[in-house]
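Take the sequence shown: its letter number 81 is residue 81 in full-length UniProt numbering, and every next letter is one higher. All C-beta atoms in this analysis are idealised placements derived from N, C-alpha and C, irrespective of residue type, glycine included. Following: one structure in structure tokens, then a few remarks.
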Amino acid sequence: MSIVPEFLDAAKWLGLLTLLVAGLTILGFRLQWGIRFRLVGITGFLIVLGVGSFALSLGLYQHTAIPGAVAYTTVYDTGATHAVIVVKNDINPETLEATLRQAAYSLFSSGRYAQPGESQLVVRARTLIHPNPGISQPLYLGEVRRSLFQRADENMDVSIDESQFQILQQYQETSGIDIKS
């Protein structure tokens, strides 16, 4: 669902209201009304609101939806070159790949800080298993590397750690968790 049409509609109505209030302001100056300077302020404020709504209607944030991706939570993000997401432990490798691509698109920002020589954002996916009561073990299931500088990076490098998936599958079998496919 896109909110862009609502911002464009709001900008249109704010523009019309601004013209109406500007007309009242001109009329107020011609007739020497006492509220004429307040009308100037109201007109200026409406101009700011209208321009802001129009700017937001341009769709400054482009969300890319990857088919097959599942919900994830970002648990670590340096604001630079590294981020970690958490996925549920009933995930399969195909879904993880789509989810990593989704996270790489969603976490892209042109404002990320990079040291000289660093040009890639690394997003790692992990899940938690509990082999014994009171013990949590993180499993890093895979990672994606993408460019820090290009929004539409078609050369993302997704790597899935099959050995970690085997550990996850063994945990699911021994703990009686139903594995979704």
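Open item on the list: Just to confirm the assignment, what range does the beta strand (DSSP E) spanning residue 136 have?
Closed with: 135-147
Task: Minimum C-alpha distance to residue 43 - residue among 19, 13, 101, 5 - done: 19
- [ ] Starting from the C-beta of residue 83, find all residues in its chain whose C-beta is less than 8 Å away, skip the five residues before and the five after it, and write them out in chain order.
- [x] 74, 76, 77, 103, 107, 121, 122, 123, 124
Task: C-beta atoms of residue 185 and residue 157 nearer than 9 Å - done: Within the shown structure, residues of the chain are numbered from 1 to 181, placing residue 185 beyond reach of any answer.
Open item on the list: Tell me the residue span of the alpha helix (DSSP H) that contains residue 9.
Closed with: 4-30
Open item on the list: Quick check: the Cα distance between residue 15 and residue 58, rounded to an integer number of angstroms?
Closed with: 16 Å
Task: Selected residue, minimal CA-CA separation from residue 72, among 128, 149, 114 - done: 128
- [ ] Just the C-alpha distance for residue 175 and residue 168, rounded to the nearest angstrom, thanks.
- [x] 10 Å
TODO: Return the Cβ separation of residue 126 and residue 140 in integer angstroms, given the expectation that the two are a contact with Cβ distance under 8 Å.
DONE: 5 Å
- [ ] Rank 134, 51, 37, 116 by C-alpha distance to the C-alpha of residue 10 and give the top, closest one.
- [x] 51
Task: Nearest-angstrom Cα separation, counted from residue 55 out to residue 110 - done: Looking at the two C-alpha atoms, the distance is approximately 19 Å.
Open item on the list: Would you say the beta carbon of residue 146 is closer than 8 Å to some non-hydrogen atom of the ligand SAM?
Closed with: Inclusion of the ligand SAM in the displayed structure is not the case, the ligand content being empty and no account of it being possible.
- [ ] Using three-state DSSP, classify residue 76 as helix, strand or coil.
- [x] In the three-state reduction of the DSSP assignment, residue 76 falls in the strand class, which pools E and B.
Open item on the list: Tell me the DSSP secondary structure of residue 69 in three-state form.
Closed with: coil
Open item on the list: On the CB-based measure, 16 or more other CB atoms within 10 Å of its CB, does residue 64 come out buried or exposed?
Closed with: exposed
TODO: Would you identify the three-state DSSP class for residue 110, choosing helix, strand or coil?
DONE: coil
Task: Selected residue, minimal CA-CA separation from residue 49, among 8, 132, 92, 171 - done: 8
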